[in-house]
Amino acid sequence: MSAKYDDIYARSLADPEGFWAEAAEAIHWERRWDRVLDDSRAPFYRWFAGGVTNTCYNALDRHVEGGRADQTALIYDSPITGVVERFTYRELRDRVARVAGVLAEAGVEKGDRVLVYMPMVPEAVIAMLACARLGAVHSVVFGGFAASELAVRIDDATPKVVLSASCGIEPNRIVPYKPLLDEAIEIASHKPSRCVILQRPQEVADLAEGRDLDWVEAEASAEPQPCTWVEATDPLYILYTSGTTGQPKGIVRDNGGHLVALNWSMRNIYGVEPGEVYWAASDVGWVVGHSYIVYGPLIHGNTTVLFEGKPVGTPDAAVYWRVIAEHDVKVLFTAPTAFRAIKQQDPNGELIRPEQIAGLRTLFLAGERADPDTVQWAEDRLGVPVIDHWWQTETGWSICSNPAGIELMPIKHGSPTKPVPGWDVRVLDEAQREVAPGEIGALVARLPLPPGSFPTLWQAEERYREAYLEEFPGYYKTGDAGYIDEDGYVYVMTRTDDVINVAGHRLSTGQMEEVLAAHPDVAECAVVGVADELKGQTPLGLLVLNAGVERDHGAIQGEAVRLVREQIGPVASFKTAIVVGRLPKTRSGKILRGTVQKIADSEAYTVPPTIDDPAILPEIAESLRSAGYAGG
Ligand code: COA
Ligand code: AMP
Numbered sequence: 003m004s005a006k007y008d009d010i011y012a013r014s015l016a017d018p019e020g021f022w023a024e025a026a027e028a029i030h031w032e033r034r035w036d037r038v039l040d041d042s043r044a045p046f047y048r049w050f051a052g053g054v055t056n057t058c059y060n061a062l063d064r065h066v067e068g069g070r071a072d073q074t075a076l077i078y079d080s081p082i083t084g085v086v087e088r089f090t091y092r093e094l095r096d097r098v099a100r101v102a103g104v105l106a107e108a109g110v111e112k113g114d115r116v117l118v119y120m121p122m123v124p125e126a127v128i129a130m131l132a133c134a135r136l137g138a139v140h141s142v143v144f145g146g147f148a149a150s151e152l153a154v155r156i157d158d159a160t161p162k163v164v165l166s167a168s169c170g171i172e173p174n175r176i177v178p179y180k181p182l183l184d185e186a187i188e189i190a191s192h193k194p195s196r197c198v199i200l201q202r203p204q205e206v207a208d209l210a211e212g213r214d215l216d217w218v219e220a221e222a223s224a225e226p227q228p229c230t231w232v233e234a235t236d237p238l239y240i241l242y243t244s245g246t247t248g249q250p251k252g253i254v255r256d257n258g259g260h261l262v263a264l265n266w267s268m269r270n271i272y273g274v275e276p277g278e279v280y281w282a283a284s285d286v287g288w289v290v291g292h293s294y295i296v297y298g299p300l301i302h303g304n305t306t307v308l309f310e311g312k313p314v315g316t317p318d319a320a321v322y323w324r325v326i327a328e329h330d331v332k333v334l335f336t337a338p339t340a341f342r343a344i345k346q347q348d349p350n351g352e353l354i355r356p357e358q359i360a361g362l363r364t365l366f367l368a369g370e371r372a373d374p375d376t377v378q379w380a381e382d383r384l385g386v387p388v389i390d391h392w393w394q395t396e397t398g399w400s401i402c403s404n405p406a407g408i409e410l411m412p413i414k415h416g417s418p419t420k421p422v423p424g425w426d427v428r429v430l431d432e433a434q435r436e437v438a439p440g441e442i443g444a445l446v447a448r449l450p451l452p453p454g455s456f457p458t459l460w461q462a463e464e465r466y467r468e469a470y471l472e473e474f475p476g477y478y479k480t481g482d483a484g485y486i487d488e489d490g491y492v493y494v495m496t497r498t499d500d501v502i503n504v505a506g507h508r509l510s511t512g513q514m515e516e517v518l519a520a521h522p523d524v525a526e527c528a529v530v531g532v533a534d535e536l537k538g539q540t541p542l543g544l545l546v547l548n549a550g551v552e553r554d555h556g557a558i559q560g561e562a563v564r565l566v567r568e569q570i571g572p573v574a575s576f577k578t579a580i581v582v583g584r585l586p587k588t589r590s591g592k593i594l595r596g597t598v599q600k601i602a603d604s605e606a607y608t609v610p611p612t613i614d615d616p617a618i619l620p621e622i623a624e625s626l627r628s629a630g631y632a633g634g
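Each residue of the sequence shown is one higher than the one before, starting from 3 at the first, in this note's numbering.
Dropping the structure here:
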């Protein structure tokens with residue numbers, strides 16, 4: 003049935019070096035690699051060691067020189083501002099070269115870090131590619147994070163320059179970015195020497211004399227820069243993602259392996275040909291935006307869509323279909339949440355006009371578990387294959403997918419299908435033994451990971467080893483649990499750590515607990531992810547107050563919600579904190595978060611044998627019930 007996939011998959015594992023060397027032929031190398039896979043420092047592996055290339059050259063210049071100069075590279079579609087703009091490969095290359103000039107004049111050189119804090123405007127893409135052009139390392143921070151989160155990233159990445167804009171635009175408000183940036187720089191110990199600010203007409207920011215430059219003026223007078231050749235193993239970017247604590251993990255991406263893997267994935271996974279329009283409805287602040295708004299489609303010679311809007315409310319639940327029709331989108335990639343939002347507003351799909359989506363071939367979903375109801379709804383309404391695929395910021399591209407470009411295998415709802423070539427996925431128990439088909443365990447991938455996945459954490463190699471490689475020697479621990487069925491289909495069920503997924507955004511409950519614990523009246527707390535019809539999960543905080551605190555609980559709960567919004571950001575969607583008398587714990591003092599979550603979601607649970615005092619569970623259920631949670 004799936005002979006083509008089986009053969010390709012088997013070859014990718016039997017001869018990874020041959021497999022990826024062949025895929026690497028599609029990339030421009032200024033100097034070819036010495037070794038396809040350098041395993042001399044295993045378990046730290048490097049792909050295409052000795053190779054010299056440039057990611058921006060492969061994404062832009064190569065296509066300009068190779069006959070795509072006048073093809074549209076980027077379509078900026080912004081229902082939130084009413085703007086649609088197109089950039090050819092030549093136009094995009096020229097703007098990127100100039101912005102690279104702005105950076106060069108600010109002293110940015112190969113290896114220097116540049117922080118990008120931008121809304122979904124073309125300049126965000128230009129900023130990333132301008133860094134890549136110079137061999138500088140960008141670190142994009144999502145706009146929905148608070149100033150203190152930005153400050154943590156500034157201190158970790160120590161950027162020479164920040165590229166930002168005056169504001170972002172949300173459906174219900176303008177988000178002034180510049181005051182957030184100023185506050186972050188104030189808090190941070192490291193001070194970037196320059197900030198280049200794109201003034202948007204919706205909100206003009208004050209510029210700090212001597213430090214800040216106006217983007218448009220700086221770009222107009224800048225000297226266009228050529229590509230700087232870099233080692234394949236040099237870092238292209240750092241992208242911070244939630245770990246188990248307040249200190250985010252700086253995921254590092256290299257240049258060579260990333261070029262090869264993303265280019266390969268465009269045809270083999272997404273099934274698109276160069277020249278076709280590909281749309282990832284995500285944000286450049288997330289890994290999906292890095293890989294499939296910016297790098298993948300451009301490296302492969304596609305036209306990419308940069309969408310500044312939401313699936314609903316900008317202006318309505320028909321906007322996706324309008325964008326697909328207007329730009330002739332062949333493949334759409336988004337998060338299940340987006341479809342749940344559309345389904346909520348247009349349950350019968352009455353806003354979907356068949357002629358608008360006639361050109362769409364495939365819908366890909368990722369970022370969170372794709373619930374079968376939503377997948378079924380999308381299949382019925384769109385009449386195209388709906389492909390759930392599983393991946394992570396760490397991996398940079400999918401671990402499991404139905405590889406549409408190789409062959410479309412039968413779809414099983416609830417499963418992202420099978421491992422992608424290059425990924426040797428296993429399920430292990432706590433004793434590191436492989437479990438039988440159908441049995442749940444830790445989802446791991448055998449080392450070495452294929453090109454494109456992260457070689458390390460930014461300046462934290464030991465943390466990389468501890469977090470990902472130590473528990474299951476010889477494997478990468480994904481942090482997800484699940485099972486593989488008799489047919490080899492993988493099912494991703496839940497995280498094994500503190501990470502929750504809220505509207506496809508990855509957040510750490512541990513980090514929220516750190517923020518709540520800092521409230522002067524809070525003695526201890528627990529944050530759990532509870533089921534949410536729209537967002538998949540939302541965080542819920544339980545607070546135990548210090549003895550003797552007699553303040554109004556409502557006021558403390560409100561302060562707790564505000565604290566998380568101020569310290570982490572609105573993206574956390576932390577809307578509810580409840581004061582409780584005590585928290586359920588094991589005899590050794592570990593908070594039973596899983597049990598709390600089950601009670602809140604009215605799921606069946608067994609009283610853990612290690613519980614200190616079972617009488618507490620009905621108390622918690624009662625508190626949850628009175629706060630509007632099922633609590634059954
Ligand atoms: N800058 C500033 N604030 C932002 C932001 C940004 N770039 N993105 C989101 N926020 C804010 C929102 O305004 C909201 O604030 P509020 O609490 O004041 O309303 C908060 O962060 C939560 O945002 P979000 O999770 O997007 O929820 P929402 O209720 O505004 O919208 C959906 C719900 C389903 C429409 C939205 O989550 C969505 O489009 N999801 C698609 C999934 C997706 O793109 N995932 C990316 C990974 S593939
Ligand atoms: P992120 O790093 O933000 O991409 O989040 C990665 C996490 O999201 C994974 O570890 C999973 O927990 C979850 N995830 C992503 N894609 C899927 C999927 N297709 N099915 C289930 N969970 C997913």
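Even glycine gets a Cβ: it sits at the ideal position worked out from N, Cα and C.
Indicate the three-state DSSP secondary structure (helix, strand or coil) for residue i in the structure shown.
i: Ala617; result: coil
i: Ser244; result: coil
i: Tyr11; result: helix
i: Asn60; result: helix
i: Phe636; result: Given that the chain is displayed from residue 3 to residue 634, the structure contains no residue 636 and the question cannot be resolved.
i: Ala698; result: Outside the displayed range of the chain (3 to 634) lies residue 698, so it cannot be described from this structure.
i: Phe21; result: helix
i: Glu221; result: helix
i: Ser604; result: coil
i: Trp425; result: coil
i: His507; result: strand
i: Arg564; result: helix
i: Ile408; result: coil
i: Lys592; result: coil
i: Arg135; result: helix
i: Ser191; result: coil
i: Met3; result: With a pLDDT of 45 at Met3, under the threshold of 50, the predicted position of this residue should be treated as unreliable, and no value is reported.
i: Asp431; result: coil
i: Thr306; result: strand
i: Arg448; result: strand
i: Leu547; result: strand
i: Ala16; result: helix
i: Val524; result: strand
i: Tyr465; result: For clarity, residue 465 is Arg in the given sequence; the question names Tyr instead. Helix at Arg465.
i: Tyr322; result: helix
Which one or two residues does DSSP pair with residue i in a beta bridge?
i: Ile2; result: Within the shown structure, residues of the chain are numbered from 3 to 634, placing residue 2 beyond reach of any answer.
i: Asp40; result: Arg48
i: Cys197; result: Val164 and Asp214
i: Asp636; result: Since the first residue shown for the chain is 3 and the last is 634, residue 636 is missing from the structure and cannot be characterised.
i: Arg33; result: Val54
i: Leu542; result: Val530 and Thr578
i: Cys169; result: Pro178
i: His140; result: Val116 and Tyr239
i: Asp390; result: Leu367
i: Ser400; result: Answer by DSSP bridge pairing: none, since Ser400 is not bridged.
i: Val232; result: Thr55
Going by Cα to Cα distance, which pick from the options is closest to residue i?
i: Ser80; options: Gly591, Ala186 and Gly170; result: Gly170
i: Ala340; options: Gln227, Leu365 and Ala360; result: Leu365
i: Val524; options: Asn265, Val532, Ile344 and Glu515; result: Glu515
i: Thr83; options: Asp9, Gln204, Ile156 and Gly113; result: Gln204
i: Asp157; options: Ala186, Ser166, Arg175 and Gly146; result: Ala186
i: His30; options: Arg269, His329, Pro45 and Gly68; result: Gly68
i: Asp9; options: Lys577, Val127 and Pro405; result: Pro405
i: Val262; options: Leu449, Val127 and Leu39; result: Leu39
i: Val104; options: Ala207, Arg202 and Pro226; result: Pro226
i: Val127; options: Glu310, Ile326 and Leu445; result: Glu310
i: Gly479; options: Leu471, Val110 and Val581; result: It should be pointed out that residue 479 corresponds to Lys in this sequence rather than to Gly. Selected option, being the one with the closest Cα: Leu471.
**Report entry** Sequence ranges, alpha helix (DSSP H) only - wholly within the stretch 64–121, length at least 4
**Finding:** Counting whole runs of 4 or more residues, the stretch 64–121 contains the alpha helix (DSSP H) stretches 91–107.
Query raised in the report: Could you give the uninterrupted runs of the beta strand (DSSP E) lying entirely in the stretch 333–383, keeping only those of 3 residues or more?
Result: Runs of the beta strand (DSSP E) lying entirely within the stretch 333–383 and spanning at least 3 residues, in chain order: 364–367.
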